[in-house]
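Report on the following structure.
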Amino acid sequence: MKELIVIFKDEVGQIFRSRKILYMAAISALILAIVYSTKVVQLGILILFDPENELNIYSLVTYYTLYIAIPIISTLFSYDIISGAQKNLRFLASRYSRSSIILGRFFANYITLTCFILLITIGTTLFSFWKTQNMDLKHSFFGFVFLGIFLLAWMSINLIISTICHTNSKSLYMSFAVSIMLIVVSQTKFAFLSPYKFFSHFGVLESTTITPLICFFIVLVPLSVYIFWRRDL
Amino acid sequence: MIEIAGLTKRYGKITALDNVGLKFGEKGLNLIAGANGAGKTTMLLLIAGLIRQSAGKIRIRSKKIGMYVQGASLCQNRTVRENLMLYSRHDLLAYKSGLTYFESAGLSQLLDKKVHELSSSCDKASYVLIAFSGEPDILLLDEPIAGLDPVLADKIIHFIKDYAKKKLLIMSSQSLRMANLASGRIIVLHNGLVVLDSDITKLRDENHTMRVVMEKAGHIVKIPGVFFCVNGNTIVFKYKKDLSSKIIGLLAHKGIKWLSKGNDIEQIVAEIIRKRENT
């Protein structure tokens, strides 16, 4: 456990020194631009998802934008957890257990990203309160929980890709290809293999969507640990 | 401390190690020598558990293993100190012992530099010194002095010799400079097989061979009981009992200048490998 915490802290430090922090800034800027300036998008979302206009428009737009962005963000954060870091992994693996390395790095990236989503959610909630004097905490909270679990499923998929691939470029291309492929899969009889299939509307938490998404984590993360454990470094 | 039995490692069709059996005690220097592709690095990687064997068993009694391996690198965008901290698992005692090695080597000024800012020699020296931190029970060093400048190499050799007096140290090297400077055990690998496993001093006593590179060619030195073979300005002496100091004394007496006095162990190992290739 101590090993895992050391790797976790180290990885968080690395995230804040790497380009990943720039990705977060860019994505936040993009979301803010969409949420606060595009009335067309707002209207579109209103008509599509909330025709009766009961929900807070700002939180609603943020939620759907994040939902679309999560497969991309998770890829950018997790494609290099294992792949391509062979030299560095040899250095670490001579002192740390492999499961500590992979889990420490996985949770460091996951928790950092979840905090980032939480910050955007809080920011949007406060902004909407300032604009509309309506603070929709319950829906925002459920929305955040769903996005956190949706992210966990995507990070698990990307982790196993990163463990299998031996270079960062292969892992990145594979992760993007799989993200796109799973959109198609979600329309077939194998839809249960795609996280896109398990969608919750803003503010709604259902076990039919949450449980399968958590299953991605339960199956894929131990499998990644096993593959990494068996792999030559 | 380590017991290896029937150890085999295959990379596809290539057999890097073939049915190797070895035992290592609690302390001492163990030098693994051999040509490129002999299986030296593979052996160390297997002991460290970084790769998996195709067959055989490795039993290790301690989990405290330190390692410097070629093809591994420190984290580039961190300082040497941060790398040391990470390698020591944030254990203050291990960290402090690592600092002592840097101070003794006169390399404390590297500690706050980022790894990517270091010259390749300093980068490598830092990594080797970090491997010593925490004084692991088993220290594995893969070509620790190759590519280091002579001053740093001497310091590292000094640490290696000191360390082997108290703990188990297994190092691989193509250059047998270490073998001529220290006592311990030498294991020669060739095409994945152990072709020699002997005590360095014993080997030196049993196979008296010395190579001397003269300043000028054409000298012939006849000493009773010493066979010699001349090739250009190099003379290889072979003798039954230790006459190396007598030979050197005689060369000096005759006013013959020599550029370097050859590594007798290197000569012996080269001979063994040559014989193996011919069979």
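Sequence lines, in order, name chains A and B. Position in the first sequence (from 1) plus 33 gives the number in this note's numbering. Position in the second sequence (from 1) plus 275 gives the number in this note's numbering. For glycine and all other residues, C-beta sits at the position ideal for the given N, C-alpha and C.
If I measure Cβ to Cβ from residue i and keep anything under 8 Å in the same chain, skipping five residues before and after, which residues do I get?
i: residue 112(A); result: 191, 194, 195, 201, 204, 205 and 208
i: residue 548(B); result: 309, 310, 463, 465 and 470
i: residue 224(A); result: 218 and 230
i: residue 424(B); result: 396
i: residue 349(B); result: 355, 358, 390, 398, 401, 402 and 405
Alpha carbons only, please: which of the options is nearest the one belonging to residue i?
i: residue 262(A); options: 326(B), 502(B) and 395(B); result: 326(B)
i: residue 300(B); options: 442(B), 479(B), 526(B) and 529(B); result: 442(B)
i: residue 419(B); options: 545(B), 315(B) and 551(B); result: 315(B)
i: residue 500(B); options: 307(B), 367(B), 484(B) and 297(B); result: 484(B)
i: residue 477(B); options: 462(B), 486(B), 528(B) and 487(B); result: 462(B)
i: residue 365(B); options: 255(A), 241(A), 251(A) and 39(A); result: 39(A)
i: residue 605(B); options: 446(B), 416(B), 350(B) and 284(B); result: The requested residue 605(B) is not part of the displayed model; chain B covers only 276 to 554.
i: residue 399(B); options: 427(B), 542(B), 378(B) and 414(B); result: 427(B)
i: residue 35(A); options: 260(A), 213(A), 228(A) and 134(A); result: 134(A)
i: residue 307(B); options: 472(B), 520(B) and 323(B); result: 472(B)
i: residue 183(A); options: 145(A), 231(A), 123(A) and 64(A); result: 231(A)
i: residue 394(B); options: 355(B), 525(B) and 335(B); result: 355(B)
i: residue 522(B); options: 312(B), 508(B) and 503(B); result: 503(B)
i: residue 267(A); options: 211(A), 130(A) and 107(A); result: A query on residue 267(A) cannot be resolved here, the shown segment of chain A reaching from 34 to 266 and no further.
i: residue 99(A); options: 146(A), 55(A), 138(A) and 123(A); result: 146(A)
i: residue 434(B); options: 509(B), 414(B), 508(B) and 389(B); result: 414(B)
i: residue 118(A); options: 197(A), 247(A), 144(A) and 166(A); result: 197(A)
i: residue 115(A); options: 228(A), 189(A), 248(A) and 157(A); result: 189(A)
i: residue 140(A); options: 44(A), 108(A) and 121(A); result: 44(A)
i: residue 51(A); options: 64(A), 240(A), 142(A) and 241(A); result: 142(A)
From residue i to residue j, what does the alpha carbon distance come to, in whole angstroms?
i: residue 363(B); j: residue 451(B); result: 30 Å
i: residue 309(B); j: residue 352(B); result: 34 Å
i: residue 125(A); j: residue 371(B); result: 19 Å
i: residue 544(B); j: residue 265(A); result: 31 Å
i: residue 396(B); j: residue 173(A); result: 55 Å
i: residue 402(B); j: residue 186(A); result: 38 Å
i: residue 340(B); j: residue 410(B); result: 9 Å
i: residue 90(A); j: residue 360(B); result: 48 Å
i: residue 540(B); j: residue 479(B); result: 7 Å
i: residue 446(B); j: residue 481(B); result: 23 Å
i: residue 386(B); j: residue 416(B); result: 21 Å
i: residue 159(A); j: residue 215(A); result: 34 Å
i: residue 199(A); j: residue 93(A); result: 39 Å
i: residue 449(B); j: residue 550(B); result: 18 Å
i: residue 329(B); j: residue 380(B); result: 40 Å
i: residue 279(B); j: residue 323(B); result: 12 Å
i: residue 373(B); j: residue 358(B); result: 11 Å
i: residue 106(A); j: residue 56(A); result: 8 Å
i: residue 474(B); j: residue 458(B); result: 8 Å
i: residue 149(A); j: residue 127(A); result: 33 Å
Could you give the first and the last residue of the continuous alpha helix (DSSP H) run that contains residue i?
i: residue 429(B); result: 425-441
i: residue 263(A); result: 240-263
i: residue 105(A); result: 90-111
i: residue 628(B); result: Residue 628(B) lies beyond the residue range present for chain B, which begins at 276 and ends at 554; the question has no answer from this structure.
i: residue 340(B); result: Premise fails: residue 340(B) lies in the beta strand (DSSP E), 340-343, not in any alpha helix (DSSP H).
i: residue 206(A); result: 201-218
i: residue 404(B); result: 395-407
i: residue 39(A); result: 35-48
i: residue 378(B); result: 367-379
i: residue 321(B); result: 315-323
i: residue 222(A); result: Per DSSP, residue 222(A) belongs to no alpha helix (DSSP H) and is neither H nor E.
i: residue 114(A); result: Neither: residue 114(A) is in no alpha helix (DSSP H) and is coded neither H nor E.
Can you give me the Cβ contacts of residue i inside the same chain, cut-off strictly under 6 Å, excluding the 5 residues immediately before and after it?
i: residue 467(B); result: 290, 291, 292, 293 and 314
i: residue 132(A); result: 258
i: residue 162(A); result: 168
Under the DSSP definition of a beta bridge, which residues are partnered with residue i?
i: residue 334(B); result: 278(B)
i: residue 308(B); result: 448(B) and 463(B)
i: residue 512(B); result: 485(B) and 503(B)
i: residue 474(B); result: 460(B)
i: residue 290(B); result: 285(B)
i: residue 533(B); result: 489(B)
i: residue 299(B); result: 277(B)
i: residue 354(B); result: 389(B)
Please list, in chain order, all residues of the same chain as residue i whose beta carbon is under 7 Å from its beta carbon, the five residues on each side excluded.
i: residue 61(A); result: 153
i: residue 179(A); result: 233 and 238
i: residue 388(B); result: 354 and 355
i: residue 175(A); result: 236, 237 and 238
i: residue 151(A); result: 177
i: residue 507(B); result: 492
i: residue 345(B); result: 316, 417 and 418
i: residue 227(A); result: 215, 218 and 219
I need the boundaries of the beta strand (DSSP E) containing residue i, first residue and last residue.
i: residue 168(A); result: Unbroken run through residue 168(A): none, as it is neither H nor E.
When every heavy atom of the ligand COA is checked, does at least one fall within less than 6 Å of the C-beta of residue i?
i: residue 325(B); result: Summarising the ligand content, the structure contains no ligands, and the ligand COA is consequently not present.
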